[in-house]
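Residue 181 in the working numbering sits at position 180 of the sequence shown, and the numbers go up by one each step. Quick reminder that beta carbons are idealized off the backbone N, C-alpha and C, glycines included. These numbers were taken from a predicted model, which means no experiment stands behind them.
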Amino acid sequence: MRRLIALALLLAACGPEPQSAQSVLNDKWRKRAQDSYRAADMEDAKTSVDEALKTDPKDPIARVLAGRIALARLEFTEALKVTEGLQTTEAHMIRGRAFWYSNDVERAGDELEGMLRDPEVKDPWAREVVKLARRGQGRKPFAIEGGIVAAIDMPQAGSLLIVPCELDGENILAMVATGVAELTIDAASRKEPAWVSLRFGDRLEVKDVPAVTQDLTGLSRQLGAPIKALLGVNVLRHMHATFDRRASQFVVRREDPAAPPDATRVPLYYIRGGGMMLRAGVAKGDATANLLVDTSTPYPLALTDAAWKSAGVNIASLKGDPALPPNYKTGLVPLLRVGGIEVPQIPGVQGVDLSDIKSRIDVDFGGVLGAGFLTPFRVTFGDEGRFIWLEVAPPEAPLPTAPGQGDGRPSGGPPMTPDPAPSAAPSSTSTPKKAAPAAGGKR
2 MRRLIALALL LAACGPEPQS AQSVLNDKWR KRAQDSYRAA DMEDAKTSVD
52 EALKTDPKDP IARVLAGRIA LARLEFTEAL KVTEGLQTTE AHMIRGRAFW
102 YSNDVERAGD ELEGMLRDPE VKDPWAREVV KLARRGQGRK PFAIEGGIVA
152 AIDMPQAGSL LIVPCELDGE NILAMVATGV AELTIDAASR KEPAWVSLRF
202 GDRLEVKDVP AVTQDLTGLS RQLGAPIKAL LGVNVLRHMH ATFDRRASQF
252 VVRREDPAAP PDATRVPLYY IRGGGMMLRA GVAKGDATAN LLVDTSTPYP
302 LALTDAAWKS AGVNIASLKG DPALPPNYKT GLVPLLRVGG IEVPQIPGVQ
352 GVDLSDIKSR IDVDFGGVLG AGFLTPFRVT FGDEGRFIWL EVAPPEAPLP
402 TAPGQGDGRP SGGPPMTPDP APSAAPSSTS TPKKAAPAAG GKR
């Protein structure tokens, strides 16, 4: 007995086995990758997680993180590779979205069903997509036929982007809505998710487009026009779209266009592959904000309090506006830097309820960059949506206006924020549940 006690005391004195130098290095690289991902510095996050996996290729935490980073960068093959064999709920989520966005419909359905078996998971988008996947066997999503390119004239609607097109042979009005992931059609005409076709102009047709449903009646009423669909980022990326509010033009193509002259390249990332975001400088120094790009919001900017402070603006200095709800304040962001473009004195709004977005995404969230900021630019998706080209407006083009001035919203109306459609990342593609503004333009 004495020998056993002595042995136990000896083992206790030795303590736990110290971490190996390799394990310590793995932890450091993994933490750096996590921090960079949280800050939406996807380049450094990618570099760091690769180093972590070099030290321990089987580390399940690093593998899942690598999958998230790859999904955000639209590197779907990489997302599948690093999570292969993992059977966690999160691994199923990553693979399901990677298969879906790379147009492997059947395997997307299998993985998403695996994710939904977890009773703690609530993912409306995934449930809709599983239905589409089971009805989509043998389909080739986003098959473009007919013309090479189609240019569509958009009606005036303030800063909003309304596109005439055909949905399954019916002439409709659709709205460009980068705050949602998928093509979203009015639930008044479709009760279930469906595979549909879109036609732009006389010739160019996009077949086998997956569409989820949402009641758009309130949006149509607010705009004073029958909006039957929202063109989300998944369909916009596949159509290599360009939108130009100042020229009232919307363009779709079979292939990526050449780099426009005199344009700046703005990298994008997509939370869970669906929520279109960018990093913007909000001050002269290194301060940045991660912004959801939502063309259904007419304001140039709607920022969190933390982002206002990062921009060097005292919240107490913001002013109310009689045209806005009483809890809204307005002010000017001294500088907004997007890509190689620096725009001074950008109007913004404080007080918009962004908690629904902020609480569900896994990067630091600074606010929403809306259509009002993009109005002076011609915007083109490049590399299947991994970046956008911003062509600087000519001198006579208008700069972003203050809320209530030329934003297509009637006096007293809140920001254009329709109820969120189911999306690849409900947390990142949802917009605040507020009423929409009137379009103020012709059909």
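query	result
Using only alpha-carbon positions, find the residue among L220, L224 and A195 that is nearest to V210.	A195
My understanding is that G341 touches T243, with C-beta atoms under 8 Å, so please give their C-beta distance in whole angstroms.	With a Cβ gap of about 19 Å, G341 and T243 do not count as contacting.
Counting only the same chain and skipping the five closest in sequence on each side, list residues whose C-beta sits under 7 Å from that of E79.	A71
Could you name the residues of the same chain whose beta carbon sits closer than 6 Å to that of P423, not counting the 5 residues immediately before and after it, in chain order?	Because P423 carries a pLDDT of 34, less than 50, the predicted location of this residue cannot be relied on, and no value is offered for it.
Can you tell me whether Q215 is helix, strand or coil according to DSSP?	strand
What does the alpha-carbon distance come out to for the pair L66 and A324?	44 Å
Who are the near neighbours of L26 in its chain, counting only those whose CB is closer than 6 Å to its CB and skipping five residues on each side?	T56
Could you spell out the range, first to last residue, of the alpha helix (DSSP H) harbouring A270?	Note that residue 270 is Tyr in the sequence shown, not Ala. Segment Y270 to I272 is the beta strand (DSSP E) holding Y270; no alpha helix (DSSP H) there.
How many angstroms separate the CA atom of M155 from the CA atom of V380?	14 Å
Would you mind stating whether Q351 and L304 have Cβ atoms separated by less than 9 Å?	yes
Using three-state DSSP, classify S21 as helix, strand or coil.	coil
Helix or strand or just coil, what does DSSP make of S528?	This structure leaves residue 528 out entirely; the chain is present only between 2 and 444.
Taking DSSP as the reference, what is the three-state secondary structure of N104?	coil
Ignore the nearest five residues each way along the sequence and tell me which others in L133's own chain have a CB closer than 6 Å to its CB.	P194 and P211
Using a C-beta cutoff of 9 Å, does E114 count as contacting chain B?	Looking for chain B here will not work: only one protein chain is present.
Roughly how many angstroms lie between the CA atoms of N315 and G367, to the nearest whole one?	16 Å
Kindly indicate which three-state DSSP category R410 falls into: helix, strand or coil?	Summary for R410: the model assigns pLDDT 37, below 50, so the residue's position carries little reliability, and this model does not support an answer.
How many Å lie between A99 and R246 at the Cα?	32 Å
Just to confirm before moving on: does the CB-CB distance between L217 and E206 stay below 9 Å?	no
Relative to the C-alpha of A312, which residue among P326, N291 and Y329 is closest?	N291
Got a sec? Which residues, its chain only, sit under 6 Å from S21 by beta carbon, not counting five neighbours each side?	none
Q446 bridges to which residues according to DSSP?	No statement about residue 446 is possible, as the shown extent of the chain runs from 2 to 444 and does not include it.
Whole-angstrom Cβ separation of L232 and M277, contact assumed at under 8 Å?	L232 to M277, Cβ: 12 Å. No contact.
I'd like to confirm the pairing. Which residues does DSSP put opposite G282 in its beta bridges?	T289 and R338
Can you give, in chain order, each stretch of the alpha helix (DSSP H) that sits fully within the segment 52 to 125 and has at least 4 residues?	61 to 73, 77 to 83, 90 to 102 and 106 to 117
In the structure shown, what three-state DSSP assignment does D296 receive?	In the sequence on display, residue 296 carries Thr and not Asp. Coil at T296, not helix or strand.
Between the Cα of A226 and those of V283, H239, I173 and D287, spot the shortest distance and give me the residue it belongs to.	I173
Based on the DSSP output, what are the partners of S160 in its beta bridges?	A158
On a Cα-Cα basis, can you pick out the residue from A284, D60, G137 and G202 that is closest to V252?	G202
Under a Cβ-count criterion, where at least 16 other Cβ atoms within 10 Å of its own Cβ denotes burial, should K123 be classed as buried or exposed?	exposed
When burial is assigned at 16 or more other CB atoms within 10 Å of the CB, is A92 buried or exposed?	buried
So, at 8 Å on beta carbons, what are the nonlocal neighbours of D451 in its own chain, with the 5 sequence-adjacent residues on each side left out?	What the structure shows of the chain is the stretch from 2 to 444, and residue 451 is not part of that stretch, so it cannot be assessed.
Give a yes or no on whether the C-beta atoms belonging to A235 and A182 are separated by under 9 Å.	It should be pointed out that residue 235 corresponds to Asn in this sequence rather than to Ala. Yes.
Determine whether the beta carbon atoms of L113 and M94 lie at a separation below 9 Å.	yes
For the beta strand (DSSP E) containing D187, name the first residue and the last one.	L184 to D187
Given a threshold of 16 other Cβ atoms within 10 Å of its Cβ, counted over all protein chains shown, does Q23 qualify as buried or as exposed?	exposed
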